């Protein structure tokens, strides 16, 4: 059998996208649905590959099949390339399997020549239309096939319009158009050295070859390289008979969505123009009419279109974006595709389609991209307002949301301004834990240094604050309270806007839209919960965080960072005095003060969570992070402690570390100062006992020891903790259940997890730190060079954003395997930033972890990602089972 | 058959140390050799265990066997516990398998009582001797068996001596002694509530139980805990008939080595005293005589002893340390053991014994502990001078050797003092690469911060300089040029001594002994080379280093750190200007200057090495390490660069990193500034081409890319390097072979080594950095808490000193396995500090690495360790083969 290189629309179907391109496959599908599609045929992508294999010539068998399809087309429409009185006109379009902007697109009106233009004029009784069509065809053909710059044609057109004082193209007279055709042909000859081809078949072959050739033009190759599309796919070419919406007031053209793409409302949404071609709608010369108006103008056509739209939506089981043309009162469809939509509409449509029975709930859940949810959960700038805003610079979109406010350069100034009721943007070179209060007082944070996992970024995401980090174009002078961006100096109090999704920084304020999480969103998230297997918990450090986390659907708290509680204004002085204590007794005195504060927090959090789990991480950062850096703070502290400033500074200096990330922190603090962890554990257990009594729930605190590198180290710290717990139990004459686990974040802990698991009830993978240590990247410093890596195509995606499965993932997988070997009941989770990243969540699910924990604002995204991976895994499992059943037969 | 709880000397042998203890086994062995050993028997270690199992009582079957052995003993010596006229006197000694200071040691003269003391006086015609013996026995028994403090007895003795104006015990008259015996017995009764036991069998049973009980006294348990000795071994008890060296001028006692323990010379070495007991020799009241003198005093005894000594040495195949007693002209041996000796003697004895055919060369090589060699290679303080030196403080013994000198607090001052001919001790809070010149100008380095792998420690070991690091007791004020140690303030120029082996810091100067590596050392090291399988290379950064490395037997250079070349006085300004260049052209200008300097170094090093390999590591540390910190240096640099100081400081500040260890360094610099590596590679290849032509050797430079974390990163950097090499080849119209490899030091590189190996000719494991990142320990900071870990028994041994096999070793092993899977020809080596550590070398050998590289001064140690592990592995292999042969039979 001869290979089929050309498919008539009636011969294809929508599944043949790889062979016929997206356009060709959909036109075939619609044809076979019996819809009014102008007839045509598609030359396959394989023909394109063959075209290159043959040294960029069209192979004879392909040409023969084109001829044959063309004869069928002529018969179908009753017109012919060779009958100037009744000429066949066609459009020629490229159509790859994936939409590719870099390629040649469309030639319309092919088939026109000096003879047939007269025939068309006669046939349509509309010579202006005929010559206008010819003029457009010459220009498109010259542009697309011969790369003649459009400017040559546009210059001529402009001259005519200027001479005649025309504003619009449709003011051109027949004489003008006849003259323009002659001039256009002259330009064509001048620029190409050839006369404009008069033989339609010749026109067609040249056009097809031009489409094929455009597959390998520079822009297309670059586009495929960037988007990881294979260079071996080729493009198809679709040849379709022309219909004209510009043949009078009984003609028209339009585009409509089957549902509202902004809200998802189930109602035709679109616009049309009478007596116009598609490009006129786009050109915006006349204002198109709302699609509803079509019901009044042409009720029969409207109803037909409405029925077709419903039929297409049912058929494709998704909202459609449909292009149509009406020629002389007859409706034709030119294209249908799944319509683009806003995040809110996407959710609403998916829920509605499932409710309507068009798709399953699983399909509905698979329809929403996790990235879309993010937009739903945060305020965004008003799209129209954005158009008028001046972009000053672009940094990293480190925490989504949009914020406008007055800029302040210190925590104190930010707090003061917020108290005065001003919206604040905190601007810092980089943030440190000291800035927490300032960040909480701000709408958004802008930093000059640091990457996606810098302190500012991590904390902002945790707080749900918008953040642009690593905006290197911002030269910040914190002393003098100025920032210079793009040559403009801004002072404290000036207005600035930042978009934490795009990383853009704008001058002044911009109007915002707040998220509205309606009933359909809730329904959707309920379905998500039904399907997901991974537990999704939130990182939460305060009662406020816990409330937020529960509201966003968290199933518990996977990471409560106790140190964040230390930074409250009334606590930090006590913390500082505790750290700088010269004797154990002195330290214990301050720890006793902190005990009450921490116990109260834990009690409230446990009471809010009731029987939902909470994992509390004991003190993790190096102690010097809590110490003052500002001179005034040092003076105040020295006074409070009754020591001289010099002595205090020397003491602080002695705590300085060359590489704090790899320094005296985490459980290392508990080896040297066991009393700190003992105080924290006492606060946790005492808080939990009270909360248990208050709520009547069984509260099981999960105590997590960070930065463990060795089983003996864990055993040592655990013994201290257990001793303290036993003391509390005995003092209170009460016991509650509790778990003790560890973070696995140090590479050595990962490779010795078989030992460590024997002392742990659970592992929580701290993939942030494991990425830092596993790659040897300091997240505070790596921003400087990782950008160059990205520019050079290295280390993509950013391993701080998406878990590096190949390296860090291997360590996590190994650790999970080793841990469960010696402790089969070991509970495994993730509390790094990756816990909120969909790709990473898929990996965590694939290696059998039990839960992920992420910022409250990432919880819905993580839930969706978990549901989607569960659906995929289930599908894969079903398919394996099916194969097994089949092979068993 | 009844279990044997008691072994007569004639029933045992030297292999039964576990059962009979070291002493008992050796006495048995000597008895069976037919040597003159006073007869006796040993109660086994198993009896000791049984003693505890039975609730601290002697089990009847054991008592019965003791009785039986005692009867044989009485028969053998013709004396009896029950014949006061001819009393049997015995010594009772503990004897565990391992020597244990914490335990009860010796009771002499057991068997004496009020009746037999008279019999002994009569029998020996020496009542003074008899009563003196009884007095000593009462005191020893009271002390050892009943824990009566010695002070009670010593007080009485002192009173008598004072009353009579005696200086020495041997001035006591018979009356004095008779009176003392009465008083001692009264003290015994007062302190114990019992009369002194008069029944010899009762004395013996009490003594045996006391020895057994002492196995579990607090000091013994602590000692075993510290030295990792099992608590279940028990101690044996040896009961031996007494001989007396204090029975007149035909009696005596002494101790002698079969060879000189200081030099190894084959000649009896020892001393003796006539008419004395062993403790008199130790007490130092009379000056003992040289063993040679015995030949004149008692020629027959001397000759008998000499023959016995030779026989023992032949039998034990090692130098012996022999205790003997002469009683009434008859020679008895009381103990023999392998003699302790100096490092120099150890080498000489091992070589001699092998030459004499007593041991094989392999055994000779196994005889020397690697730690001993270290002492041979460095100067040490004179032992006697040390006794008089005042220890000011103790830090970490970070680089062996001993140094005295004037203290200076900066590189500039140190250099100036050295030019003036002064020996210098550089005193710094911690060192940085800037201090290199100062370290080179010093005899030794003392730092207050940092651990065994701090900058100071690592560089000092590389330079062979002595270093005490992390001496926290030293409060250093670099500005005012003072250091306060132990309350004493020292100023610039004051004298100080440091011992880099022990970590001790002394006031003033101390006399030194320099190493003398004689002919026997060379012979020994030749044997080592014959046996080892691992290649041993040296880390060397300059032609001087290469000479040193070759002199110490390095088989090439495994790590040449190019950055160390940057710190030379005439180069660092160029390096700084290169780093701070604002444009690529500017940077290239300075790189061109550096090119000439580096090329010259490489050329000289390659010429020295000829066909021996050299691995050159391209620039590794973060650039800011090269930048000035001192104000004066900054001013000078700003002037040289024609920029303002403020601008320069801002630029330097912008290069600051929070965690430089995890920052912009290693091949990351080559991704952002490819021109730096290109310059270095050009210098290497050009230098190698010239050296090849000069020497006629085939020189194959091995170029090493540090800090690789990903194969794409390696591929990118390698492509730049290869392009530069091709340029050089084409310019010079010459080619030479070369290899390109990578350091594996980042955990992710280890776990993705299968990919990385596809782009690498060799891997060199950078176990220092891998330990830092694998554990999450900054070597600059970890000193602060690792000491507490060690104190608490955690993380031993220090993972920076001995490779952590369980964790980091697992990564190295995995990397080696993955790497050879995809690249079977991959060469594997180690260039971290662990490359010079014997335990680590054994591990590297066991996982099949090809070479280790270490500081030149560690090369002999590494060679020895490599030989020893090869011998052990060969033995294990032979034993497996033997088992296979046996099981096949």
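Chains as they are written, first to last, in the UniProt record's numbering: chain A, 1 to 889; chain B, 1 to 889.
Glycine included, C-beta positions come from ideal geometry on N, C-alpha and C.
If you're wondering where the values come from, they're calculated on a predicted model, not measured in any experiment.
- For the C-beta of residue 798 of chain A, not a single chain B residue is nearer than 9 Å; the gap to the nearest is close to 13 Å.
- Taking 8 Å as the threshold, the shortest C-beta distance from residue 617 of chain A to chain B does not fall below it.
- Residues of the same chain with a CB within less than 6 Å of the CB of residue 504 of chain A, apart from the 5 flanking positions on each side, are 391 and 394 in chain order.
- Scanning the region 712 to 761 of chain A from its first residue to its last, the whole alpha helix (DSSP H) runs of 4-plus residues come out as 747 to 751 and 753 to 756.
- Secondary-structure assignment with DSSP links residue 87 of chain A through a beta bridge to A/80.
- As for any beta strand (DSSP E) of minimum length 3 sitting wholly inside the region 252 to 330 of chain A, the runs are 252 to 257, 269 to 274 and 320 to 327, ordered along the chain.
- Burial check for residue 189 of chain A: the Cβ neighbour count within 10 Å stays below 16, so the residue is exposed.
- Contact between the region 760 to 776 of chain B and the region 830 to 841 of chain B is present, with at least three C-beta pairs closer than 8 Å.
- In terms of CA proximity to residue 33 of chain A, A/311 leads the group A/311, A/271, A/275 and A/251.
- Boundaries for residue 222 of chain B: no beta strand (DSSP E) harbours it, while the alpha helix (DSSP H) harbouring it runs 218 to 226, taken from the DSSP string.
- Approximately 24 Å separates the beta-carbon atoms of residue 168 of chain B and residue 185 of chain B; this is outside 8 Å, ruling out the contact.
- With respect to residue 263 of chain A, residue 317 of chain A sits apart: the two C-beta atoms are not nearer than 8 Å.
- One thing to note: residue 410 of chain B has its Cβ no nearer than 8 Å to the Cβ of residue 424 of chain B.
- Residue pairing of residue 614 of chain A in beta bridges, as defined by DSSP: A/557.
- The residue from B/507, B/732 and B/702 with its alpha-carbon nearest to that of residue 718 of chain B is B/702.
- With a cut-off of 8 Å on Cβ pairs, the region 223 to 231 of chain A is not in contact with the region 56 to 65 of chain A, counting fewer than three such pairs.
- Sixteen is the threshold: when 16 or more other Cβ atoms of the shown chains lie within 10 Å of the Cβ of residue 752 of chain A, as they do, the residue is buried.
- Within 7 Å of the CB of residue 664 of chain A, the CB atoms of chain B belong to 781, 784 and 785, in sequence order along the chain.
- Using a Cβ-Cβ cut-off of 7 Å, residue 773 of chain B is close to 747, 773 and 776 of chain A, given in chain order.
- Judged by DSSP secondary structure, residue 455 of chain A falls outside any beta strand (DSSP E) and instead within the alpha helix (DSSP H) spanning 455 to 463.
- Contacts with chain B at 8 Å (Cβ-Cβ) include residue 788 of chain A.
- Spanning the alpha carbons of residue 559 of chain A and residue 538 of chain A requires a straight line of approximately 7 Å.
- The alpha-carbon of residue 598 of chain A is positioned some 15 Å away from that of residue 615 of chain A.
- Ranked by Cα distance from residue 496 of chain B, the first of B/402, B/791 and B/232 is B/402.
- In the structure shown, residue 138 of chain A falls within a helical segment according to DSSP collapsed to helix, strand and coil.
- Proximity to residue 274 of chain A across A/794, A/699 and A/298 peaks at A/298, based on C-alpha coordinates.
- By the Cβ criterion, the region 727 to 743 of chain B is in contact with the region 705 to 715 of chain B, since at least three pairs of Cβ atoms, one from each stretch, lie closer than 8 Å.
- Taking 8 Å as the cut-off, the beta carbon of residue 204 of chain A is found closer than this to the beta carbon of residue 92 of chain A.
- Boundaries of the beta strand (DSSP E) harbouring residue 406 of chain B: 402 to 408, taken from the DSSP string.
- Around the Cβ of residue 362 of chain B, a 10 Å sphere holds 16 or more other Cβ atoms; the residue is buried.
- In the same chain as residue 47 of chain A, and ignoring 5 residues on each side of it, the C-beta atoms closer than 6 Å to its own belong to 5 and 62, in chain order.
- Cβ contact annotation for residue 634 of chain B (same chain, cutoff 8 Å, sequence separation greater than five): 628, 645, 648, 649 and 652, in chain order.
- Interface annotation, residue 742 of chain B: not in contact with chain A, CB-CB separation never under 8 Å.
- Using a 10 angstroms sphere on the CB of residue 520 of chain A, the tally of other CB atoms reaches 16 or more, which defines it as buried.
- Residue burial annotation: residue 300 of chain B is exposed, with fewer than 16 other C-beta atoms found within 10 angstroms of its C-beta.
- For residue 88 of chain B, same chain residues with a beta-carbon under 6 Å away, outside a window of 5 residues either side, are 74, 79, 80, 81 and 111 in chain order.
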